[in-house]
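*Asks:* Be aware that the sequence shown starts at 1, since it is given in our numbering, and climbs by one per residue.
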Amino acid sequence: MKALSRSHMNSFNVGKRQKGNYLLSIGIGIMIMAILAVWGIPKVKDYLVEGAVPSVAEEIQRFIARVKVNSTGTGSEPYNGITQSFFARAVRGSSLQVATSAGAVAGEGTGGTIVLHGLGGGSAGTVTIATAESNGAITLTFADVNQAGCPGLATALQKTVDDISINGTSVKKVSTTDGTVTKGYVAGTAAAACVDGDANDFVFTVR
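(1) Near Ser165, what residues of its chain come up, given a Cβ to Cβ distance below 6 Å and the 5 sequence neighbours on each side ignored?
(2) Starting from Thr176, follow the beta strand (DSSP E) in both directions and report where the run begins and ends.
(3) Do Ile64 and Val206 have their beta-carbon atoms positioned less than 7 Å apart in this structure?
(4) Helix, strand or coil for Leu96? Go by DSSP, reduced to three states.
(5) Could you compute how far the alpha carbon of Met1 sits from the alpha carbon of Ile30?
(6) What first and last residue would you give for the beta strand (DSSP E) that runs through Ser165?
(7) Tell me which residues share the same chain as Asp198 and place their Cβ nearer than 6 Å to its Cβ, disregarding the 5 neighbours each side in the sequence.
(8) Would you call Lys172 buried or exposed, if buried means 16 or more other Cβ atoms sit within 10 Å of its Cβ?
(9) Could you give the first and the last residue of the continuous beta strand (DSSP E) run that contains Thr205?
Written as structure tokens, this is what we have:
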């Protein structure tokens with residue numbers, strides 16, 4: 001009888017230890033998940049943004065090339081008529097997304113003119129085009145780019161565009177009179193203009 005009681009006690013102790021180990025494993029698992037949530041998710045976002053930069057830059061390069069070809073020989077105002085609607089139609093269906101005013105992704109014929117770059121900022125991460133210098137130039141403004149895309153986006157486009165500014169700091173400049181480079185692009189200098197988070201604004205000027 002005593003042996004039986006001892007056996008029951010041993011079984012009880014083993015079960016208690018197993019339950020304790022199980023709870024400890026759950027606690028460790030929750031702690032690991034919490035650490036991943038704090039450190040892992042931002043890293044994943046960084047990788048996604050960094051990986052998307054080349055395709056976004058390539059689409060902008062294609063757009064600029066088409067616009068330059070079409071504007072050749074059109075006089076002193078080569079970019080007259082370039083609007084946000086024109087830009088949205090040109091890039092629809094590419095790595096850039098076109099959305100309506102409500103923020104929904106727009107398909108063909110919907111009239112959406114909001115272009116999203118997908119490099120951070122959510123619905124505020126837009127690309128806006130405008131004419132400048134009396135229609136002699138166009139500017140492409142990327143708003144709210146994540147730090148993982150800065151200065152990578154500028155580096156990818158620096159040979160295609162004339163002027164670049166990051167968060168208001170000029171990192172490349174070409175003379176409007178003779179076309180000479182007055183400030184050459186340096187990746188390290190450009191990186192110094194970047195800030196953390198989805199808070200980087202780029203302005204690219206094309207003449």
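Backbone N, C-alpha and C fix where the C-beta goes; we use that ideal spot for every residue, glycine too.
*Replies:* Put simply:
(1) Val203
(2) Bounds of any beta strand (DSSP E) do not take in Thr176, whose DSSP letter is neither H nor E.
(3) yes
(4) coil
(5) For Met1, the predicted structure reports a pLDDT of 48, less than 50, and the residue's modelled location is therefore unreliable. A value from the coordinates is still provided. The alpha-carbon atoms of Met1 and Ile30 are separated by roughly 43 Å.
(6) 163-166
(7) Gly120, Gly121, Asp144, Asn146
(8) Around the Cβ of Lys172, a 10 Å sphere holds 16 or more other Cβ atoms; the residue is buried.
(9) 200-206
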